[in-house]
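K.L.:
In this text, residue positions in the sequence shown follow the working numbering: the first is 645, and each later residue adds one.
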Amino acid sequence: MQNQLTVFNTLSRTKEKFEPIHPGMVGLYVCGPTVYSDVHLGNCRTFISFDLIYRYLLHLGFKVRYVRNITDAGHLEGDRDEGDDKFAKKAKLEQLEPMEIVHKYTLGFHDVMREFNTLSPSIEPTATGHICEQIEMIKEIISKKYAYEINGTVYFDVEKYNKEFPYGQLTNRKLEDLLEGTRELSGQDEKRGRLDFALWIAAKPETLMKWPSPWGWGFPGWHIECSAMSSKYLGETFDIHGGGMDLQATHHTNEIAQSQACNHKSPVKYWMHTNMLTVNGVRMSKSAGNGFLPGQLFTGNHPLLEKGYSPMAVRFFMMQTHYRSTLDFSNEALQASEKGYARLMASLKTVETLKTSATSTSNIQNWKKACYDAMNDDFNTPILVASLFEGARIINSVNDNKETITTDDLQVLKTLMQTFVVDVLGLKAETSNSSADKALQGAMEVILEIRKDIKAKKDYPASDKLRDDLNKHHIQIKDTKDGPVWSISE
Ligand code: AMP
Ligand code: ZN
């Protein structure tokens, strides 16, 4: 294993050495999508960031159990305890069963994740499939006197909990400050404390998704599902819990409170949060109206888009920013990413054709160290990408006979370029189906046949001229042991 991995822990607000609870094994839980509508590109950024983290942990040799849930019940409008269930609301709107909504958008989510070449998690549990576990956990919290029931709804007693455990520790805030930021309770409110949140919500006559419980028919609150499912599959204390930064203050703070109240243990060793994708500095979200969908991005069918961008260009665009920094969407940045992605993929082809020498002009061991140092420093992909561009530069220089490389160094360069670009960054070659690309492919096959004839006649000036003319159009031909190959250079 290379050096020491460090990760930024939201809980301590510092970078810490990554030492899993059970050596060699990692338990990773990431809050998944609420499947009542299509995921927007901002949601995708969070899932792609954790895909990168998962991939690098696998590369380091850890055995990872990666759990990413599907929220298919209990996530209310406005993330508070009032309002309509998001699924029921959408079901009424689309005139479908709530479970039809869930199924439709779960399939859509999986399609998008596949387009972005993300690895499937080890387990993808649903809230509706774990109602019993959630009820058991709520019963346990009530028995430990951190929750109370009123008219079939169960509330978590935040002020009582805070007497023993620091409630706002994840965001480093005191209860008094949190209380100040919340509105006074009105006569309509059932709950006792302003910060109290629902663990179980009593069904109204019109509620569509409901289950029997010790407190009558109802449905679980949003936060309890993640506590119940993470502890079921990863244990009462596990290594990494992730999600977008917007989940810190409420969802994750409440998850900690629930698990701690239940087990008297802090549930997670490292809390990791990804920063937001923004558009003109405003967080991408459905409510802001700036949340375009991956499909619109691929086709260019949105007023904010100058053209369509391929899934791998978009994935590379995301990798060029650290997961804890905001990433602002722009057409210029995406167009630069298209070129950068093409340059890296071209270098993976070129590296296969390089000739070796007795000495190396570049220090490949230093280059390798720079790649690992970047990733071990809290998954610093922008620095890794800079090193990979340096790798591409070396490859092109050797190819142009401006630099030399030994057989051993070439092996390291080839293996690590492939490892970091394909296995860790998760980039893959894109096969275009556009008619222009198909025509180019056909034309190049014709040209390579003509070149073969010219060479057979030993007309070397004509063959050189053909190669140079193609070069002017950024097309490179190389002779390999398997015959000539062509690629597009910059
Ligand atoms: P949701 O489906 O709303 O529960 O969100 C799924 C995930 O996407 C959560 O981890 C959110 O924190 C994350 N998320 C939502 N909006 C953005 C955004 N603009 N940028 C990055 N992540 C986001
Ligand atoms: Zn969650």
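Beta carbons: idealized from backbone N, C-alpha and C, even for Gly.
Under 8 Å, with one C-beta from each stretch per pair, do the segment 958-969 and the segment 904-924 reach the 3-pair mark?
P.N.:
As far as the Cβ criterion goes, the segment 958-969 touches the segment 904-924, which means the pair count is three or higher.
K.L.:
Taking Asp883 as part of the beta strand (DSSP E), name the residues at either end of that continuous run.
P.N.:
Here the beta strand (DSSP E) through Asp883 covers Phe882 to Gly888.
K.L.:
What separation, rounded to the nearest whole angstrom, lies between the Cα atoms of Ala732 and Ser857?
P.N.:
The alpha-carbon atoms of Ala732 and Ser857 are separated by roughly 20 Å.
K.L.:
Would the beta-carbon of Leu814 be found less than 7 Å away from any heavy atom of the ligand AMP?
P.N.:
Flag unset: Cβ of Leu814 not near the ligand AMP.
K.L.:
Closer than 7 Å to a non-hydrogen atom of the ligand ZN - does that hold for the CB of Gly887?
P.N.:
Checking every heavy atom of the ligand ZN against the Cβ of Gly887, one is found closer than 7 Å.
K.L.:
Can you find the residues in the same chain that come closer than 7 Å, C-beta to C-beta, to Gly812, ignoring five residues on each side of it along the sequence?
P.N.:
Contacts found: Lys818, Leu819, Leu822 and Thr897.
K.L.:
Alpha carbon to alpha carbon, how far is Asn1007 from Ser1001? Give it in angstroms, no decimals.
P.N.:
So the alpha carbons of these two residues sit roughly 14 Å apart.
K.L.:
Can you list, in chain order, the stretches of the beta strand (DSSP E) that have 3 or more residues and sit fully within the segment 902-958?
P.N.:
Counting only runs of 3 or more, we get 912-918 and 921-923.
K.L.:
Need the endpoints of the alpha helix (DSSP H) that Gly1035 sits in, please.
P.N.:
It spans Thr1025 to Asn1043 - the alpha helix (DSSP H) in which Gly1035 sits, taken as one unbroken run.
K.L.:
Please determine, among Gly1086, Cys1015, Ala1100 and Tyr792, the residue with the shortest C-alpha to C-alpha distance to Trp1130.
P.N.:
Comparing Cα-Cα distances from Trp1130 to each of Gly1086, Cys1015, Ala1100 and Tyr792, the minimum goes to Gly1086.
K.L.:
Rounding to the nearest angstrom, what Cα-Cα distance links Pro849 and Lys734 in this structure?
P.N.:
Approximately 18 Å between the Cα atoms of the pair.
K.L.:
How many angstroms separate the CA atom of Tyr710 from the CA atom of Thr1025?
P.N.:
Going from the Cα of Tyr710 to the Cα of Thr1025 covers about 21 Å.
K.L.:
With respect to 7 Å, is the separation between the Cβ of Thr918 and the closest non-hydrogen atom of the ligand AMP below this value?
P.N.:
Answer for Thr918: yes, Cβ within range of the ligand AMP.
K.L.:
Let me check understanding here. Comparing Cα to Cα, which of Gly752, Met1019, Lys736 and Cys688 lies closest to Arg959?
P.N.:
Looking at the Cα atoms, Cys688 is the closest of the given residues.
K.L.:
Rounded to whole angstroms, what's the CA-CA distance from Met645 to Leu702? Just pull it up for me.
P.N.:
With a pLDDT of 46 at Met645, under the threshold of 50, the modelled position of that residue is not reliable, and the figure given next carries that caveat. Roughly 11 Å between the two C-alpha positions.
K.L.:
So, do the segment 934-947 and the segment 1052-1068 have three or more beta carbon pairs nearer to each other than 8 Å?
P.N.:
No, they do not touch.
K.L.:
Closer than 7 Å: is that where the CB of His747 sits relative to any heavy atom of the ligand ZN?
P.N.:
No, the beta carbon of His747 sits no closer than 7 Å to any heavy atom of the ligand ZN.
K.L.:
Just checking Thr715 against the ligand AMP - is the residue's beta carbon closer than 7 Å to any of the ligand's heavy atoms?
P.N.:
Yes - the ligand AMP has a heavy atom lying nearer than 7 Å to the Cβ of Thr715.
K.L.:
Unbroken alpha helix (DSSP H) runs of length 4 or more, entirely within the segment 712-773: which are they?
P.N.:
Complete alpha helix (DSSP H) runs here, min 4: 730-738 and 742-759.
K.L.:
Can you give me the Cβ contacts of Arg712 inside the same chain, cut-off strictly under 7 Å, excluding the 5 residues immediately before and after it?
P.N.:
If we look at Arg712 and ignore the five residues flanking it on each side, its Cβ neighbours are Val674, Gly676, Pro765 and Glu768.
K.L.:
Run through the DSSP bridge pairs and tell me what Leu672 is partnered with.
P.N.:
BP columns for Leu672 point to Tyr710 and Ile884.
K.L.:
Please classify Cys776 as buried or exposed, where buried requires at least 16 other C-beta atoms within 10 Å of its C-beta.
P.N.:
By the neighbour-count rule (16 or more Cβ atoms within 10 Å), Cys776 is not buried but exposed.
K.L.:
Closest by CA to Leu839, which one among Met1019, Leu829 and Leu1092?
P.N.:
Checking every option, the nearest Cα to that of Leu839 belongs to Leu829.
K.L.:
Skipping 5 residues on each side, what residues in its chain have a beta carbon closer than 7 Å to that of Ile692?
P.N.:
So the list reads Phe760, Thr762, Arg959 and Met962, once near-sequence residues are dropped.
K.L.:
Which residues bound the alpha helix (DSSP H) around Val802?
P.N.:
Here the alpha helix (DSSP H) through Val802 covers Val802 to Glu808.
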